[in-house]
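Colleague: Before we start, here is the structure in question, set down as structure tokens.
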Amino acid sequence: MDLQSVLKPIEDARGLPNDCYISQDHFKIERDKVFFPNWAGVGFISDVAEPGDVCPVEFLGMPLLLVCNKASELRVFQNTCRHRGMILVDEPCHLRGPIRCPYHSWSYDYDGNLVRTPSVGGIGVDDHKNICPDELGLFEVRAHVWQGVVFVNISGDAPAFEIAHEHLVKRWAEFDQPYHLGGEASQFDMLLKTNWKLAVENYCESYHLPWIHPELNEISPIDAHYPIEHASYAGQGSENYRQLTNEKGKQFKDFENLSDIWNSQSEYISYFPNVLFGVHRDHAFAMLLMPQGPEKTLERVALFYATEDIDSPQNQDMLKENARIWQGVFAEDIGVVEGMQKGRHGIQFDGGKFSPVMDGPTHKFHHWVARQLTA
Ligand code: FES
Ligand SMILES: [Fe+2]
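Residue numbering for the sequence shown follows the working numbering, starting at 924 and increasing by one per position.
This is the structure in structure tokens:
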């Protein structure tokens, strides 16, 4: 695959070739070169909020288990028993005892230590000289939490998250504070018939605003948007953010100690590879792109707020309204991301031509992907 034309300056560059969006073989290459060596988003910290919460995630075929341990820390393991490789947990749940394999009941604590091996030395004999529990703990996966999202580095050799994403972490340092999920009303999923990259690309740019989001464009017009371009993230900001206010004048509480720029500014960033973020003075959201195949992507959305008691009954109407607004905006994008996917089956399409003025963030993403693939 020729990626040299993708790596050119935007004026001369082509977009990624069609195979990057439709080929099963390429999908496997991406897993190994784009997702596993980097920090990819696989869940929300709210998926495992309490000690004993466990949440299985299948990420590009890799079975993972998110666990909240007794010290309320996140651990991520391979969701695979060290005995015969059975999947340990098949649905999110809250455990009271250890993580018990359903096959022969080998059991692990929330830090992944093997703590029980019933009858491993014969009926009623729970140990054997060849079975050394210290060597048979769960395989751990490097994990990091940022902006309410659980990131993993499956290859284990990426630079630490804060180093790999230093620029973005600094950019949004003011938002590095507790995020509280707005309860059930603030989570929704969308299954899209598109490659995950087209969701990233569409989220990067504001060029489409007047045609795809005419109502949003009235409130936050295209000329109030500015592009955000960096080697490892890209997106857009708006200088015209207006908070949701109900008929009684009630608003969500702001995050603590934000500087004045956030009174009217909001930012929307595609974190490479697979998380779409938005931050505002009074709420934030994250959208995980979970590739299900070259042409299918599950989007998991969660909205977060500043106050711990956000999910209380008196807030439900506003929480639902805010989720409804965002769900409506995201739904408007489905037609274009699915339409661009269909367009990539046209054999003459050559990756397309970027507008040097309007498509800078999209080009940054293509450039980043091409660099991963050619590394
Ligand atoms: S496979 Fe897990 S106990 Fe046997
Ligand atoms: Fe959009």
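Every residue, glycine too, gets a C-beta built ideally from N, C-alpha and C.
Go ahead and pull the three-state DSSP assignment for alanine 1157.
Modeller: The answer is strand: DSSP assigns alanine 1157 an E or B state.
Colleague: Answer with buried or exposed for histidine 1088, where buried requires no fewer than 16 other C-beta atoms within 10 angstroms of its C-beta.
Modeller: Buried, because 16 or more other Cβ atoms sit within 10 Å of the Cβ of histidine 1088.
Colleague: If I'm right that tyrosine 1164 touches serine 1193 with Cβ under 8 Å, what's the distance once you round it to whole angstroms?
Modeller: That belief does not hold up - the Cβ atoms of tyrosine 1164 and serine 1193 are roughly 18 Å apart, past 8 Å.
Colleague: Between which two residues does the alpha helix (DSSP H) containing glutamine 1239 stretch?
Modeller: Where glutamine 1239 is concerned, the enclosing alpha helix (DSSP H) stretches over 1239-1266.
Colleague: Would you say leucine 930 faces chain C, with C-beta separation under 8 Å as the test?
Modeller: In summary, chain C is missing from the structure at hand, where a single protein chain is found.
Colleague: Residues with a Cβ closer than 5 Å to any heavy atom of ligand 1, in chain order?
Modeller: Any residue whose Cβ sits closer than 5 Å to a heavy atom of ligand 1 makes the list: Cys1004, His1006, Arg1007, Met1009, Cys1024, Tyr1026, His1027 and Trp1029.
Colleague: Of all the options Val957, Asp970 and Leu1104, which has the alpha carbon lying nearest to the alpha carbon of alanine 1081?
Modeller: When only C-alpha atoms are compared, the closest one is Val957.
Colleague: From valine 1252 to phenylalanine 1227, what does the alpha carbon distance come to, in whole angstroms?
Modeller: Those two C-alpha atoms are separated by around 17 Å.
Colleague: Examine ligand 2 and report whether any of its heavy atoms sits within less than 7 Å of the Cβ of histidine 1136.
Modeller: Yes, the Cβ of histidine 1136 comes within 7 Å of a heavy atom of ligand 2.
Colleague: Verify whether the separation of the beta carbon atoms of methionine 1241 and phenylalanine 1175 is less than 8 Å.
Modeller: In contact: methionine 1241 and phenylalanine 1175 (Cβ atoms closer than 8 Å).
Colleague: Do the CB positions of phenylalanine 1000 and valine 1073 come within less than 8 Å of each other?
Modeller: Contact flag unset, no.
Colleague: Could you tell me whether the stretch 965-983 touches the stretch 1280-1296, where touching means 3 or more Cβ pairs closer than 8 Å?
Modeller: Short answer: they don't touch.
Colleague: Locate the beta strand (DSSP E) running through phenylalanine 1227, then write down its first and last residues.
Modeller: Note, phenylalanine 1227: beta strand (DSSP E), 1219-1228.
Colleague: How would you call leucine 930, buried or exposed, if buried means at least 16 neighbouring beta carbons within 10 angstroms?
Modeller: Leucine 930 comes out exposed.
Colleague: Return the first residue and the last residue of the alpha helix (DSSP H) that tryptophan 1119 is part of.
Modeller: 1119-1127 is the span of the alpha helix (DSSP H), which, as asked, contains tryptophan 1119.
Colleague: Does the contact criterion of 3 or more C-beta pairs under 8 Å hold for the stretch 1115-1122 versus the stretch 1214-1230?
Modeller: The stretch 1115-1122 vs the stretch 1214-1230: in contact.
Colleague: Using the C-alpha atoms, what's the distance from methionine 1263 back to glutamate 934?
Modeller: In a straight line, the C-alpha of glutamate 934 is about 21 Å away from that of methionine 1263.
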